[in-house]
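The sequence shown begins at 37 in the working numbering and counts up one residue at a time.
We treat Cβ as the ideally placed atom computed from N, Cα and C, and that holds for glycine.
Treat the numbers as computed from the prediction; the structure is a model and nothing was measured.
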Amino acid sequence: MTDHYCVFGHPIGHSKSPGIHAAFAEQTGEAIDYTAIEAPLDDFAGAWRDFVAAGGRGANVTVPFKEEAFRLCEVLSPRARRAGAVNTLILGKDGQTYGDTTDGVGLVRDLERHGVTLAGARLLVLGAGGAVRGVLEPLLAAAPASLVVANRTAGKAERLAADFADLGEVRGGGFDAVSGPFDVVINGTSASLANELPPLPDDLFAAGATAYDMMYGAEPTVFLQWAGERGARGVDGLGMLVEQAAESFFQWRGRRPDTTPVLEALRRAL
Ligand code: ATR
Numbered sequence: 037m038t039d040h041y042c043v044f045g046h047p048i049g050h051s052k053s054p055g056i057h058a059a060f061a062e063q064t065g066e067a068i069d070y071t072a073i074e075a076p077l078d079d080f081a082g083a084w085r086d087f088v089a090a091g092g093r094g095a096n097v098t099v100p101f102k103e104e105a106f107r108l109c110e111v112l113s114p115r116a117r118r119a120g121a122v123n124t125l126i127l128g129k130d131g132q133t134y135g136d137t138t139d140g141v142g143l144v145r146d147l148e149r150h151g152v153t154l155a156g157a158r159l160l161v162l163g164a165g166g167a168v169r170g171v172l173e174p175l176l177a178a179a180p181a182s183l184v185v186a187n188r189t190a191g192k193a194e195r196l197a198a199d200f201a202d203l204g205e206v207r208g209g210g211f212d213a214v215s216g217p218f219d220v221v222i223n224g225t226s227a228s229l230a231n232e233l234p235p236l237p238d239d240l241f242a243a244g245a246t247a248y249d250m251m252y253g254a255e256p257t258v259f260l261q262w263a264g265e266r267g268a269r270g271v272d273g274l275g276m277l278v279e280q281a282a283e284s285f286f287q288w289r290g291r292r293p294d295t296t297p298v299l300e301a302l303r304r305a306l
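Here's what the structure looks like:
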């Protein structure tokens with residue numbers, strides 16, 4: 037008996053998730069298949085219903101459906117409720133749809149794998165959209181000394197910081213108010229997609245700082261190039277992609293795959 041999983045997105049053609057989960061399944065011996073489904077923009081809930089009716093057990097959800105997935109869930113994990121978004125759907129034995137988000141824990145695991153210590157660190161997070169909202173709780177749970185959220189639209193960063201202020205020392209504002217040094221700077225804006233760079237001061241990085249871009253590509257993003265020229269070590273988001281997938285796999289199957297060989301193979305194929 038093979039259990040069916042998929043990733044929903046629009047567009048979805050270039051998703052790496054089917055390959056990642058096929059590798060996890062092979063490694064763990066779990067009998068699953070995993071496909072990519074382009075859900076219609078106006079009926080995500082219908083696409084999930086149809087998938088379940090055809091025997092689907094769970095799904096990943098990517099752009100632009102994470103908020104819609106959040107709304108259709110009957111039960112939400114605490115971290116999904118905080119994030120306001122769901123990237124992992126789980127069909128319960130009771131037939132209810134459970135929602136979780138694994139993006140934030142994926143980011144924190146990838147930082148840990150790179151030897152980055154978050155406890156006591158000065159963190160700067162760039163951006164205040166859904167991607168950033170999804171990672172703030174696990175970042176704050178790692179007990180940094182401080183966390184600054186900076187965004188092009190300052191008010192959005194201020195509101196986001198206020199939403200998470202009960203979890204730690206977090207402040208929000210515009211790029212012009214950013215003043216370093218920081219030990220870890222995480223780019224969660226979509227600026228890299230357009231080959232753009234948020235306007236940042238030159239003296240952003242502490243000695244030994246890490247710059248992390250949630251985006252990835254065959255070449256370093258413009259943000260990572262800029263950071264490297266200023267002495268920071270650069271890490272792209274390919275590891276976050278694999279780690280969030282591993283956490284989804286764990287939620288579905290109760291098994292933790294070894295992410296290292298899967299990440300290495302993806303890197304070679306970029
Ligand atoms: P996502 O789900 O990827 O977070 P989003 O919710 O649309 O997408 O958020 C995109 C983020 O990237 C926002 O923080 C946006 O800034 P604004 O809130 O001011 O729009 C940021 N962003 C997009 N393009 C940018 C650019 N060229 N420079 C700086 N920030 C940019």
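Would you kindly check if the distance between the Cβ of residue j and the Cβ of residue i is under 8 Å?
{"i": "Gly166", "j": "Ala190", "result": "no"}
{"i": "Pro370", "j": "Gly156", "result": "In this structure the chain extends from 37 to 306, so residue 370 is not present and cannot be described."}
{"i": "Gly135", "j": "Ala116", "result": "yes"}
{"i": "Met250", "j": "Asn231", "result": "no"}
{"i": "Glu283", "j": "Val111", "result": "no"}
{"i": "His57", "j": "Ala281", "result": "yes"}
{"i": "Val258", "j": "Val278", "result": "no"}
{"i": "Val185", "j": "Ala197", "result": "yes"}
The beta strand (DSSP E) that contains residue i, what's its start and end?
{"i": "Asp146", "result": "Looking at the DSSP string, Asp146 is not in any beta strand (DSSP E); the run it does join, the alpha helix (DSSP H), is Asp139 to Arg149."}
{"i": "His40", "result": "Asp39 to Gly45"}
{"i": "Ala213", "result": "Ala213 -> no beta strand (DSSP E), and no H or E assigned at all."}
{"i": "Ala186", "result": "Ser182 to Asn187"}
{"i": "Asp219", "result": "Phe218 to Asn223"}
{"i": "Leu160", "result": "Arg158 to Leu162"}
Taking all protein chains shown into account, do 16 or more other C-beta atoms lie within 10 angstroms of the C-beta of residue i, making it buried, or fewer, making it exposed?
{"i": "Gln132", "result": "exposed"}
{"i": "Met276", "result": "buried"}
{"i": "Leu229", "result": "exposed"}
{"i": "Glu62", "result": "exposed"}
{"i": "Leu143", "result": "buried"}
{"i": "Ser215", "result": "exposed"}
{"i": "Phe129", "result": "It is Lys, not Phe, that sits at residue 129 in the sequence shown. Flag for Lys129 reads exposed."}
{"i": "Thr138", "result": "buried"}
{"i": "Thr225", "result": "buried"}
{"i": "Pro293", "result": "buried"}
{"i": "Arg107", "result": "exposed"}
With respect to the alpha helix (DSSP H) encompassing residue i, which residues constitute its N-terminal and C-terminal limits?
{"i": "Glu173", "result": "Gly166 to Ala177"}
{"i": "Phe101", "result": "Taken as a continuous stretch (DSSP letters only), Phe101 belongs to no alpha helix (DSSP H), as it is neither H nor E."}
{"i": "Val152", "result": "Premise fails: Val152 is in no alpha helix (DSSP H) and is neither H nor E."}
For residue i, list the residues DSSP reports as bridge partners.
{"i": "Thr124", "result": "Asn96 and Asp136"}
{"i": "Arg269", "result": "Thr246"}
{"i": "Ile68", "result": "Asp39"}
{"i": "Glu74", "result": "Gly45"}
{"i": "Val111", "result": "Tyr134"}
Legend entry - Contact shell at 5 Å, judged by CB to any heavy atom of ligand 1, ordered along the chain: Gly163, Ala164, Gly165, Gly166, Ala167, Asn187, Arg188, Thr189, Lys192, Thr225, Ser226, Ala227, Glu232 and Pro234
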